[in-house]
Amino acid sequence: MAKDVPTGRRAVFLAIFIAFGFLFGYDIGVISGCLIMPDFIRRFGQEGTDGQYYLSSSRQSVIVSLLSAGGAIAQAFTADRFGRRGSILFWSAIFTVGVAIQTGTTYSVVQLVIGRYIAGLGVGSLSAIVPLYNGETAPKAIRGTILVIYQVQIISGIFLSYLLELGSHTINNSASWRIPIGLQMVWGIILLSGMFFLPESPRHLLGTGRRDEARKVIAELNGVSEDNPLVAESVEELDFAIRAENEGGKANWLECFSTRNALWRRTINGMMLQFIQQLNGQNFYYYYGDTFFQSAGAGRVLKPLCLIRFSSCISRLSPYIIQTILGAVSVAGTLPALYFIEAWGRRKSLLLGALLQAVCAIIVAFVGHSTLAPSGTPTSELTARNRAGGDVVIAFAVLQVFIFGTTWGPTPWVYLGESFPLRVRPKSIALGSATNWFWNFMLSFFSPRIVARIGPMIMLIFFGMLIFGYIYVYFAIPETKGLTLEEVDELYRSGIPPWRSVGWRPSEKHYHHEVHEKRASDSVEKA
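All residue numbers for the sequence shown refer to our numbering, where the first residue is 440 and numbers rise by one.
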């Protein structure tokens with residue numbers, strides 16, 4: 440638009456509500472603690488030769504990873520047919536049904552994983568359609584901030600799941616895991632019910648010929664009357680964008696990889712950032728942190744001294760407490776991102792984040808490999824060396840998650856949302872989201888098997904990916920801070936090397952200027 444729009448209270452409520460990432464984050468984090476709950480293991484594990492129940496690495500893989508198998512492509516087939524709002528309603532219902540199936544199971548691991556798969560279809564689709572709805576509905580002045588708030592809420596959801604499991608894991612029956620898993624239905628129902636009070640995307644309304652409804656929604660979201668010039672300008676700009684999108688027929692998936700305006704590079708960049716983000720190592724901690732910290736010597740007793748001398752006795756904490764600390768640190772890490780993404784820019788945030796996380800990952804790998812006791816060693820048999828190594832492993836794991844929250848957590852999503860022209864934006868964002876969920880599935884499926892073979896040295900895989908991520912960002916990701924979608928088009932057309940793109944300024948007048956030129960031309964013709 441020609442200028443930043445005012446932000447009405449309804450717009451703020453809508454943007455914050457629709458960035459309801461608690462649902463996504465909580466769903467990711469909740470399974471971690473369940474994997475070491477005795478009742479959960481007894482119901483869904485296998486009986487060993489000693490008569491004790493256990494969850495094999497292969498069964499852990501299936502239980503955890505099926506959530507991510509749903510992916511995010513499905514939303515692309517509902518977003519236009521049902522509308523953004525209708526699509527969110529539909530997938531919220533699917534997610535809630537999946538959670539109900541999980542919560543209602545007794546001893547059937549098949550029912551459990553089917554429920555997680557159905558819930559994954561919902562949450563994967565919502566992870567793509569919710570940011571799309573927000574981008575088309577929230578006033579321009581707050582869109583970038585809401586993308587970061589969205590990530591903050593995802594991490595907050597993970598933290599909340601750890602807090603609940605910290606309180607429920609001591610229950611000696613199925614309520615220990617049914618309560619934290621079943622509570623996911625609350626988030627789904629809140630999102631489902633809230634959408635009945637929120638409007639359809641103005642862009643979708645205009646695209647389907649509902650012009651009067653679109654004007655009304657734009658006026659309400661911006662806190663102005665329908666006859667305000669801002670409403671007319673917004674409608675005109677959206678009309679222009681829709682015509683541009685529909686030129687040459689409806690966009691298809693292959694167009695995301697066309698050479699026009701280097702769309703193929705932009706789509707690959709969006710997908711690669713999501714791929715690298717998933718293999719930073721943080722999701723390994725989110726999914727298997729309790730199990731991993733237990734092998735690092737985490738005990739069951741929290742002593743008051745630990746609150747004062749944290750670094751010297753961290754390995755005495757319960758795995759649930761350590762995981763909760765991890766969640767709190769994750770939330771704290773996302774808060775500085777609100778500042779650093781704009782102050783540093785996208786490239787610097789990604790480059791610094793990759794290097795600092797790589798240092799943490801390699802320390803965890805080698806210290807863990809050389810000092811930790813074999814998995815299953817009783818806490819009473821741990822040596823001083825084992826405990827010291829556990830302290831270092833857990834401390835640097837926490838530090839790595841903090842750095843991720845500040846850099847690689849939100850930045851790839853911000854980059855994804857501001858890199859594509861309107862014509863292919865829904866499909867390109869869907870491809871990026873689907874890449875995120877695909878590698879989330881691969882990580883959650885193979886991690887237990889890899890850890891069973893090489894233990895903490897799995898962190899070397901994440902170290903290698905972080906180094907690769909640094910190199911990829913340096914040579915392939917241009918700086919997009921402060922640029923409109925049309926200016927990003929020119930940036931990619933200019934052929935400027937990404938490492939020289941910081942400070943680049945467009946030489947052309949773009950989108951909003953074309954709208955005003957067209958308006959002036961139409962006025963002259965009518966005169």
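Virtual Cβ for every residue (Gly too), placed ideally from N, Cα, C.
Here the structure is a predicted model, which means the values were calculated and not measured.
Judged by pairs of C-beta atoms under 8 Å, the stretch 636–644 does not touch the stretch 485–494, as fewer than three such pairs exist.
DSSP places Q491 outside both helix and strand once states are collapsed to three, so it counts as coil. Closest in C-alpha terms to V536, from the list P619, V562 and S547, comes V562.
For C473 and I620, the gap between their C-alpha atoms comes out near 9 Å.
When P917, S500, Y909 and F835 are compared, the shortest CA-CA separation from P895 is found for F835. If you draw a straight line from the Cα of S595 to the Cα of V803, it is about 25 Å long.
Looking from the CA of L765, the closest CA among Q839, E925 and I707 belongs to Q839. Per DSSP, the unbroken alpha helix (DSSP H) holding N875 starts and ends at R864 to I893. In the three-state scheme derived from DSSP, where H, G and I count as helix and E and B as strand, E652 is classed as helix. Between T706 and the set T874, T818, S946 and A532, the nearest pair of CA atoms involves T874. Look at E781 here: in three-state DSSP terms it is helix. Judged by DSSP in its simplified three-state form, E486 adopts strand. Apart from the 5 residues on each side of it in sequence, I842 sits with its Cβ closer than 8 Å to the Cβ of G772, G792, L795, Q796 and C799 in its chain, given in chain order. Look at A812 here: in three-state DSSP terms it is coil, with no helix or strand label.
For S526, the secondary structure class from DSSP, reduced to helix, strand or coil, is helix. Note that the stretch 525–541 touches the stretch 552–566; at least 3 beta-carbon pairs, one per stretch, sit closer than 8 Å. Our two residues, R617 and S769, have alpha carbons roughly 25 Å apart in a direct line.
S613: not part of any alpha helix (DSSP H); DSSP gives it neither H nor E. Counting other Cβ atoms within 10 Å of its Cβ, A614 stays below 16 and is therefore classed as exposed. In the DSSP assignment, S940 falls outside any alpha helix (DSSP H), carrying neither H nor E. For E820, the three-state secondary structure derived from DSSP is helix.
In this structure, V625 keeps its C-beta atom at 8 Å or more from the C-beta atom of R654. For the pair R699 and V863, the Cα-to-Cα distance works out to about 12 Å.
The stretch 913–928 and the stretch 819–838 do not touch, with fewer than three beta-carbon pairs separated by less than 8 Å.
Where A915 is concerned, the enclosing alpha helix (DSSP H) starts and stops at M898 to A915. Looking only at D666, Y601, V853 and P477, the smallest Cα-Cα distance to I467 is reached by Y601.
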